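Take a look at the structure set out below.
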Amino acid sequence: MNKNIISAEIYSNAALDQIPRLLGNLDRNQFSSTYGSFHRDYWLEKTSDFPDAVRQFAVHALALVYKHDFPNSKYQGNRNLLKWTIAALDYWAKIQHKDGSFDEFYPNERGWVGPTGFTTYACAEAFNLIKDEIPADVKERVKGALIKA
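Counting from 27, one number per residue, gives the positions in the sequence shown under this note's numbering.
Put into structure tokens, the structure is as follows:
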């Protein structure tokens, strides 16, 4: 057996093992005002009084496993996973400030490196992976947020 294939499978398994944890942090209740948020401390436990945008990094992982055929993956093409990935992108766009920034450590922080720069990268990559499957209204909201950031 090819050594590269074995290595790829080891890394794939390690990454795929984390998807249930990410999904456990995601608000998957479509009737919730925080639908799409990965900040469980905010949406479920109420131990934070504002949404931390950095938690939205996880959207990239969901888009990757939805779109690509990783060894031993059960996620590729999963319609629920697509729905939740779109919700996470939309939630990211909804928590953006008018100046294009996002918060991480405190309300109205308007942080530019982590909460804005890094999450913009993760969301742009996720968006590019699934853009053809995003409803028009959400697509416009997310594109607007990416441009503003």
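Built from N, CA and C at the ideal position, the CB exists for glycine as well. Predicted model, so just to flag it, every value in this text is computed and none were measured.
Residue i to residue j span [Cα, whole Å]
i: Ala141; j: Ser127; result: According to the sequence provided, residue 141 is Pro. The question's Ala does not apply to it. Taking the straight line from one Cα to the other gives about 7 Å.
i: Pro97; j: Ser58; result: 34 Å
i: Ala113; j: Val80; result: 16 Å
i: Leu115; j: Arg105; result: 15 Å
i: Ala87; j: Asp129; result: 21 Å
i: Leu108; j: Arg66; result: 20 Å
i: Phe144; j: Ser99; result: 26 Å
i: Tyr117; j: Gly62; result: 5 Å
Nearest neighbour of residue i, chosen from the options [CA to CA]
i: Ile121; options: Gly170, Lys100, Ala152; result: Gly170
i: Thr60; options: Pro77, Arg47, Ser33, Tyr132; result: Pro77
i: Tyr132; options: Thr73, His94, Lys93, Asn55; result: Thr73
i: Asp95; options: Asp163, His65, Glu35; result: Glu35
i: Val91; options: Phe64, Pro46, Val164; result: Pro46
i: Asp163; options: Lys124, Asn134, Ala119; result: Ala119
i: Glu159; options: Ser63, Ala89, Tyr117; result: Ala89
i: Pro161; options: Asp75, Leu42, Thr111; result: Thr111
i: Asp43; options: Ile173, Lys157, Tyr101, Phe153; result: Tyr101
i: Thr146; options: Val168, Trp69, Tyr37, Ser33; result: Val168
Where the alpha helix (DSSP H) containing residue i begins and where it ends
i: Val85; result: 84-93
i: Gly50; result: 45-51
i: Lys100; result: Unbroken run through Lys100: none, as it is neither H nor E.
i: Leu172; result: 162-174
i: Phe76; result: Per DSSP, Phe76 belongs to no alpha helix (DSSP H) and is neither H nor E.
i: Asp236; result: No answer is possible for residue 236: the residues shown for the chain start at 27 and end at 175.
i: Thr180; result: Limits of the chain in this structure are 27 at one end and 175 at the other, which puts residue 180 out of reach.
Anticipated Cβ contact below 8 Å, residue i with residue j, distance rounded
i: Cys149; j: Gln82; result: 7 Å
i: Asn51; j: Ala84; result: 7 Å
i: Leu155; j: Lys93; result: 5 Å
beta-carbon residue i near the ligand HEM non-hydrogen atom, thresh 7 Å
i: Asn39; result: Of ligands this structure carries none, so the ligand HEM is not represented either.
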